[in-house]
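Chemist:
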Amino acid sequence: MTAATPARITSPFDASSTALDVVAGHDLSGKTALITGAASGIGVETARALLTAGARVILAVRDTRRGEAVAAELRRSTGNPAADVIELDLASLASVRRAAAQVVEMAPRLDLLINNAGVMATPLTHTADGFEMQFGTNHLGHFLLTELLMPALKAAAPARVVVLSSIGHRRSDVDLDDLNFERRPYEKWNAYGQAKTANALFALELTRRYGAKGVTANAVHPGGILTGLQKHMPAEEQRAMGWIDEEGRPNPGFKTAEQGAATSVWAAVGPELEGVGGLYLEDVQEALPFDAARPFSGYQPYLRDADKARRLWEDSEVLVGLR
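Heads up: the sequence shown begins at 218 in our numbering, then just goes up one per residue.
#1: Is the separation between the beta-carbon of ASN355 and that of GLY335 shorter than 7 Å?
#2: Just verifying my parser: in three-state terms, what is the DSSP assignment at LEU276?
#3: So, at 6 Å on beta carbons, what are the nonlocal neighbours of ALA266 in its own chain, with the 5 sequence-adjacent residues on each side left out?
#4: Give the DSSP bridge partners of HIS343, in chain order.
#5: In three-state DSSP terms, what is ARG377?
#6: How long is the line joining the alpha carbons of SER294 and SER228, rounded to whole angstroms?
#7: By the 10 Å Cβ neighbour count, where 16 or more other Cβ atoms means buried, how is PRO298 classified, buried or exposed?
#8: Determine, using beta carbons only, whether ALA300 and VAL320 come nearer to each other than 7 Å.
#9: Which word fits VAL214, buried or exposed, when buried means at least 16 other C-beta atoms lie within 10 angstroms of its C-beta?
#10: Got a sec? Which residues, its chain only, sit under 7 Å from VAL391 by beta carbon, not counting five neighbours each side?
#11: Skipping 5 residues on each side, what residues in its chain have a beta carbon closer than 8 Å to that of LEU366?
#12: With DSSP collapsed to three states, give me the class of LEU505.
#13: Roughly how many angstroms lie between the CA atoms of TYR516 and PRO506, to the nearest whole one?
Below, the structure is given as structure tokens:
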């Protein structure tokens with residue numbers, strides 16, 4: 218007799234819902250959240266929703282001047298003064314270590330970690346530690362940050378980690394034999410796909426390792442949104458991909474930043490996800506496997522590869538110096 222397949226987890230929300238819709242009715246007083254990349258785009262709207270519900274939110278940003286301006290606006294608009302700012306450059310493991318030490322001092326108990334920051338479709342460049350920029354920033358920087366904050370997450374258990382992945386994961390599986398594009402030609406979208414697949418595999422393995430200790434993680438596809446992520450893409454490329462029209466207007470099927478943050482906020486507070494991890498979420502629901510009849514949603518089977526998730530974790534530990 219085989220075990221029954223778990224029922225798909227859904228919510229009363231959909232692709233049009235906003236982060237404030239999702240957080241309505243939740244009281245997060247006494248909870249502390251850390252959001253990376255919280256100075257722009259969906260990071261700001263995720264912070265706004267959590268602050269509105271009463272949480273303390275630490276905004277981890279590269280540019281602290283910009284971060285302080287965002288924090289000031291969030292304090293004014295939400296009426297919640299508990300918005301703090303720290304410096305974090307995910308492309309530098311030294312910066313990650315400094316930020317993690319600061320967070321542990323500020324918040325020995327961390328209820329929510331939202332790994333929101335990222336880069337997309339960058340030219341071939343490398344982090345301060347020599348890693349391909351997209352893999353190094355999107356995956357390795359967050360991997361080290363999360364591991365260094367794990368004592369604070371365990372102390373707050375049940376705690377949740379939210380990992381921003383993307384439909385872009387469908388561009389590429391993770392190549393464990395060539396994570397740094399040293400043996401194959403660099404292609405920016407394949408590199409982005411590898412990094413976003415790594416994000417989802419990270420959530421899967423984190424839950425396997427720490428779920429019994431009260432820390433779970435889910436991966437999120439926020440939807441199509443025009444944010445600062447597109448800064449490396451010329452307008453001609455964005456038009457060719459159907460993201461903007463000839464006048465520069467966004468595709469009407471794209472989401473606003475407020476809508477894009479909704480799935481992150483659901484992953485952080487949704488009662489349906491209490492104690493549940495290792496999933497890939499989109500449009501405020503658990504995503505379905507990819508189906509050609511639904512070309513703009515769904516995930517590829519390699520996101521569920523538990524063995525590859527374990528091996529990626531072990532390789533990542535070595536790369537960031539944890540073993």
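Ideal Cβ positions, reconstructed from N, Cα and C, are used throughout, including at glycine.
Modeler: Short version:
#1: Mapped onto the sequence shown, residue 355 falls at position 138. Mapped onto the sequence shown, residue 335 falls at position 118. Against a cut-off of 7 Å, the Cβ pair of GLY335 and ASN355 comes out as a contact.
#2: Taking the first residue of the sequence shown as 1, we reach residue 276 at position 59. Here LEU276 sits in strand by DSSP.
#3: The residue labelled residue 266 in the question sits at position 49 within the sequence shown. Short of 6 Å from the beta carbon of ALA266, and not among the five residues preceding or following it, lie these beta carbons of its own chain, in chain order: ALA236, LEU237, VAL240, VAL482.
#4: Here the question's residue 343 lines up with position 126 in the sequence shown. Residue pairing by DSSP places HIS343 opposite GLU349 in a beta bridge.
#5: Along the sequence shown, one-based indexing puts residue 377 at 160. ARG377 falls in the strand class under three-state DSSP.
#6: Translated into the one-based positions of the sequence shown, residue 294 becomes position 77. Translated into the one-based positions of the sequence shown, residue 228 becomes position 11. Cα to Cα, the separation comes out at about 27 Å.
#7: Numbered from its first residue, the sequence shown carries residue 298 at position 81. Classification of PRO298: exposed, given that the 10 Å Cβ count is below 16.
#8: As a working note, residue 300 is residue 83 in the sequence shown. As a working note, residue 320 is residue 103 in the sequence shown. Cβ distance not < 7 Å, so ALA300 and VAL320 don't count as in contact.
#9: For the chain, the structure presents residues 218 to 540; residue 214 sits outside this window and is missing.
#10: By one-based count along the sequence shown, residue 391 stands at place 174. Excluding residues within five positions, the ones whose Cβ falls inside 7 Å are GLN411, THR414, ALA415, LEU418, LYS525, LEU529.
#11: Locating residue 366 in the sequence shown gives position 149, where the first residue counts as 1. For LEU366, where only same-chain residues beyond five positions count, the Cβ hits under 8 Å are LEU251, ALA317, VAL320, VAL321, LEU327, LEU330.
#12: What you label residue 505 is simply residue 288 of the sequence shown in a count that begins at 1. Coil, per DSSP.
#13: For the purposes of this step, residue 516 is taken as the residue at position 299 of the sequence shown. For the purposes of this step, residue 506 is taken as the residue at position 289 of the sequence shown. Their backbone Cα atoms lie some 5 Å apart in a straight line.
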